[in-house]
Amino acid sequence: MDRTEAEAAVLERTAAKFDQVNRDLEAMLKALMSQLEVLRGAWQGAGGRSFEQVKTQWADDQAVIQRTLAETAAALRAAGRGYDAADGQAAGRLAATHRGLELPL
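With the working numbering applied, the sequence shown closes on residue 1296, and no number is skipped along the way.
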């Protein structure tokens, strides 16, 4: 039988790691683009235009990656909240089944 188990705290820690990777990636890529911008002034004509096209495509691709990382972190957090809510509901249903019941022992 297949089982899926998750703890909200583990999901939150994992989501935080996705957020941290996203921030680190953004900082690294900004630094890289800053270094490349210095070289941009030396590129004239077709080389300069090609650089701008590549830079634009790179920025678009970076935005997709960062959005995906952020969406994954949000989904992990939502799953954690869902697991907590389901666990609480299950506990409530189980508690309700034995209210007022006394077994003769």
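All residues carry an ideal CB built from backbone N, CA and C; glycine is no exception. Here the structure is a predicted model, which means the values were calculated and not measured.
For A1261, three-class secondary structure by DSSP: One-based indexing of the sequence shown puts residue 1261 at position 70. Reduced to three states, the DSSP call for A1261 is helix.
Any non-hydrogen atom of the ligand HEM closer than 8 Å to Q1248 Cβ: Only the bare structure without any ligand can be found here, which leaves the ligand HEM out of the picture.
Inter-residue CB distance, R1268 and A1206 (contact presumed, cutoff 8 Å): The residue you call residue 1268 lines up with position 77 of the sequence shown. The residue you call residue 1206 lines up with position 15 of the sequence shown. Correct: roughly 5 Å between the Cβ atoms.
Residue closest to A1261, alpha-carbon to alpha-carbon, out of L1202, V1212, A1276 and R1204: To locate residue 1261, count along the sequence shown from 1; it is residue 70. For the residues L1202, V1212, A1276 and R1204, the minimum Cα distance to A1261 belongs to V1212.
Spatially closest choice to L1202 from D1275, G1279 and G1239, by CA coordinates: Working through the sequence shown from its first residue, we reach residue 1202 at position 11. Nearest option by C-alpha distance: D1275.
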